[in-house]
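Enquirer: Note that the working numbering has the sequence shown beginning at 1, numbered continuously upward. C-beta atoms are modelled at their ideal positions from N, C-alpha and C, and glycine is treated no differently. Okay, here's the structure, questions in a sec.
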Amino acid sequence: MPRSDYSATLGVMPDIVLATLNAKYIHSSFGLRYLLANLGTLRERACIAEFQINQAPLEIVEAVLALEPRIVGFGVYIWNVVETTEVLGMLRRLRPEIRIVLGGPEVSYEWDGQPIVALADHVITGEADLKFAEVCGVLLGEDAAAQAALPKVMPAGLPTLEKVVMPYDLYTESDLAHRILYVEASRGCPFTCEFCLSSLDVPVRAFAIDAFLQAMQGLLDRGALTFKFVDRTFNLHLPTSMAILRFFLDRWRDGMFLHFEMVPDRLPEQLRDIIREFPAGAVQFEVGIQTFDEATSKNISRRQNLTRLEDNLRFLREQTGIHVHADLIVGLPGEDVASFGRGFDRLVKMGPQEIQVGILKRLRGTPIVRHDAEFQMKYSPVPPYEMLENRDIPFVEMQRMRRFARYWDLVANSGNFTATLALLWVGKSPFAAFMTFAESLYAKLRRTHQIALPVLAQALFDHLTGECGVSLETAAGAMMQDWNRVPGRESLRLSGTKAAESEAPKRSTAGSRQARHVVA
C-alpha cells in the first residue's frame, strides 16, 4: 500500500496528512514539504503521502484512510485536478468527518463552481506556507466557535520569506537517490506575460542567500546531485546568480546537474565568465522565448530584447557547454502558423539543443482571457485547458501543430536523432521540412504516442531517402551514428539498405537527453 516515507517515523497515526498526486514518481512535491516544514508544533502530528496520477483512486483512498487522519490537505494542480476530484469524492462519502483542506494554483483562482472545491471544507489560496498551520491549529483545537468561523475560502497572502522555514531537510534518502530535488532562492516574477500565473506573483522576493546556500550545502553533504531551481527569473539579480553559480562550481563533482529558468535577454559578462567554467551538459537553462512576433508580444504584455536574446543564445551554444531548452508557444493571440514557423526557423538557427513547442493553455486567473472575444480564443474545458482554435489558427491547423509538437519532442528534443535530423532540412525551412515529415508520419502511424524507437527510426530513414532524396548511404550512416551513441540499445536493422545493422556503442555515455545532445 502506498504511504509516506515520514509516516513510519511518527510512532502514532498522524492527525494531518499532506497529500498530492504527482505526475510521475520521479517528481517530488515541493509544496507539501514547505507545508510540513512550517507546521511548527504540529509538525510531529503530520506526514506526507505522495501518489501518482496513474495510481488507482481507490488505492489512494485506501492508503489515506489507513493513516486515520483528522485533516487531509491536498495540493491541487492542473495535471492532477481530475484525479484528485475523484479521490476526494470517495473520501467525502466514506469519511465525511475528515476535514479536507485544498491549496495550490488550480484552486487559488476562479474557484467558484469548481467541483473539487465543492467537495472541500476549506480552500487556502496563494502561498499557504504559514496559513495552513494556522488553519490546522484551529481545526485541531477545542474552540468550536473559532472552527465555525473559518471561512471556506481563505487567501493566504504573501508570507514574509524570513519567517518561512526552508524544507530541504525533508527530502529523504530515497528522494535524494531517485527523485528530482526542487529548490528555490526566490519567488515571484517582475514580468507581466498574460498567459503565465507568475505574472500575478509580484514582487520578486528572495530568501536570505547565506541561509539558502547553507541549506544547499546540507543537501550536497547528503549526496544530492540534481538540483532543479524553480525560480522564475534566476538571472534577474546578478549578485545572487553569481553567488549560487560559484557555490556549485566550487563544489562540483561528477554526476551533478543543475537546472535554471533564465531571462533570455539578460546575460552580462560576469555571468558569461562563470558559465563558461561548467562542464558540458552539466547545466540546463530553460529559456522562455514564447514568440518572436513583436505584435504578439505586445498583445500578451511580454517584454524582451530580441537582439540581445539572439546574441545570448549564440554565446551559450558556441562558447559554453550549457544545455539550452528554449520554449515557444502555439496559439498566442495574433500569431498564425506562418508567423510561428518563421520564429521557429529563427530559433533553430540559434542552435538550442531542445525547442519545447507548447500549445497555449488558459490557466485559471491569468489575464489572457481579455483576448477571448477579439481573437476568438477557444480552449478545452478540461485540464490542461489547451487552445482548441482561435481566429488565426482553426482547429484542423491546431491539430497539425499539436502533432508537430509531439513528434518534434520524440525526434529532436530526445537527442536520439541529432545527426540524422540535420539531413531533413538542408537548404529548406526547418519548420516546413519537419511539418512535412510530421504529416507523413501521422499518415503512416495514425497515432502520436506509444511509438517504439526502432519504428520511429525506420520512418525517419524512409522519409529522408524517399521524400527528401537523401542517399541510402548518407542516411544510414547518420542513423547508425545516432543509434550507436547510446549504450545498451538493441541492434537496429534498416530495411532497404545494406548498411544493415547497428554496432554496439564503442564508448560509455550516459543515456539522458542532455548527454545524447552533448556527444552528438
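With a cut-off of 8 Å on the beta carbons, I'd call I48 and R33 a contact; round off their distance for me.
Expert: 7 Å
Enquirer: Under 8 Å, with one C-beta from each stretch per pair, do the stretch 301-318 and the stretch 394-410 reach the 3-pair mark?
Expert: no
Enquirer: What is the rounded straight-line gap between the Cα of E335 and the Cα of M377?
Expert: 12 Å
Enquirer: So is N305 buried or exposed if we call it buried at 16+ other beta carbons inside 10 Å?
Expert: exposed
Enquirer: Please classify W252 as buried or exposed, where buried requires at least 16 neighbouring CB atoms within 10 angstroms.
Expert: exposed
Enquirer: Return the chain-ordered ranges of every beta strand (DSSP E) run that is complete within the stretch 58-97 and spans a minimum of 3 residues.
Expert: 71-75
Enquirer: In the DSSP output, what is I355 paired with across the bridge?
Expert: The beta-bridge partner set that DSSP reports for I355 consists of A326.
Enquirer: Nearest CA to the CA of S491: which residue from D254, E467 and Q458?
Expert: Q458
Enquirer: Alpha helix (DSSP H) containing F51: first to last residue?
Expert: From DSSP, F51 is part of no alpha helix (DSSP H) but of the beta strand (DSSP E) over A46 to Q52.
Enquirer: Considering only the alpha carbon of each residue, which of E127, V81 and E50 lies closest to L67?
Expert: E50
Enquirer: Whose CA, out of A118, F191, M166 and R43, lies closest to the CA of I100?
Expert: Between I100 and the set A118, F191, M166 and R43, the nearest pair of CA atoms involves A118.
Enquirer: Do P14 and R45 have their C-beta atoms closer together than 8 Å?
Expert: P14 is a Cβ neighbour of R45, given a cutoff of 8 Å.
Enquirer: Counting pairs of Cβ atoms below 8 Å between the stretch 199-219 and the stretch 159-169, do you hit three or more?
Expert: yes
Enquirer: For a quick check, are the C-beta atoms of R531 and C189 less than 8 Å apart?
Expert: Residue coverage of the chain in this structure runs from 1 to 520, which leaves residue 531 outside it and unanswerable.
Enquirer: Residues in its own chain within less than 8 Å of S199 by CB, not counting five upstream and five downstream?
Expert: C189, F191, T192, C193, S301, T366 and P367
Enquirer: Does the beta-carbon of V455 have 16 or more other beta-carbons within 10 angstroms, so that it is buried, or is it exposed?
Expert: exposed
Enquirer: So, are the CB atoms of W111 and P384 less than 8 Å apart?
Expert: no
Enquirer: Is the separation between the beta-carbon of T436 and that of A478 shorter than 8 Å?
Expert: no
Enquirer: Count the other CB atoms within 10 Å of the CB of I523; is the residue buried (16 or more) or exposed (fewer)?
Expert: The structure shown does not extend to residue 523, since the chain spans only 1 to 520, so no value can be given for it.
Enquirer: Measure the Cβ-Cβ separation of F30 and Y182 and say whether it is below 8 Å.
Expert: yes
Enquirer: Does the pairing of the stretch 403-420 with the stretch 430-449 give three or more beta-carbon distances under 8 Å?
Expert: Output reads yes: the stretch 430-449 touches the stretch 403-420.
Enquirer: What does the alpha-carbon distance come out to for the pair E83 and S471?
Expert: 50 Å
Enquirer: What's the gap between the Cα of L360 and the Cα of T291?
Expert: Roughly 12 Å separates the two Cα atoms.
Enquirer: Excluding the 5 residues preceding and the 5 following V165 in the sequence, name in chain order all residues of the same chain whose CB lies nearer than 7 Å to its CB.
Expert: A37 and N38
Enquirer: Put Q514 into one of helix, strand or coil per three-state DSSP.
Expert: Here Q514 sits in helix by DSSP.
Enquirer: Where S414 and V348 are concerned, what is the direct C-alpha to C-alpha distance, given to the nearest angstrom?
Expert: Their Cα atoms are separated by approximately 15 Å.
Enquirer: Cβ atoms of D293 and S241: under 8 Å apart, would you say?
Expert: no
Enquirer: Cα separation between R276 and I244?
Expert: The alpha-carbon separation between R276 and I244 amounts to approximately 15 Å.
Enquirer: For the putative contact between A128 and A156, defined by C-beta atoms under 8 Å, what is the C-beta separation to the nearest angstrom?
Expert: 5 Å
Enquirer: Secondary structure at S186, three-state DSSP: helix, strand or coil?
Expert: strand
Enquirer: Measuring alpha carbon to alpha carbon, tell me which residue in V76, E86, Q55 and R92 is nearest R70.
Expert: R92
Enquirer: Using a Cβ-Cβ cutoff of less than 8 Å, which residues in the same chain neighbour M262 once the five nearest sequence positions on both sides are dropped?
Expert: T233, F234, N235, F285, E286 and V287
Enquirer: Would you mind reading off the limits of the alpha helix (DSSP H) that contains K228?
Expert: That residue, K228, is in no alpha helix (DSSP H); its beta strand (DSSP E) goes T226 to F229.
Enquirer: When the distance is taken between beta carbons, is D327 closer than 8 Å to T418?
Expert: no
Enquirer: Alpha carbon to alpha carbon, how far is R493 from A515?
Expert: 24 Å
Enquirer: Could you compute how far the alpha carbon of V224 sits from the alpha carbon of D254?
Expert: Per the sequence shown, the amino acid found at residue 224 is Ala instead of Val. Taking the straight line from one Cα to the other gives about 12 Å.
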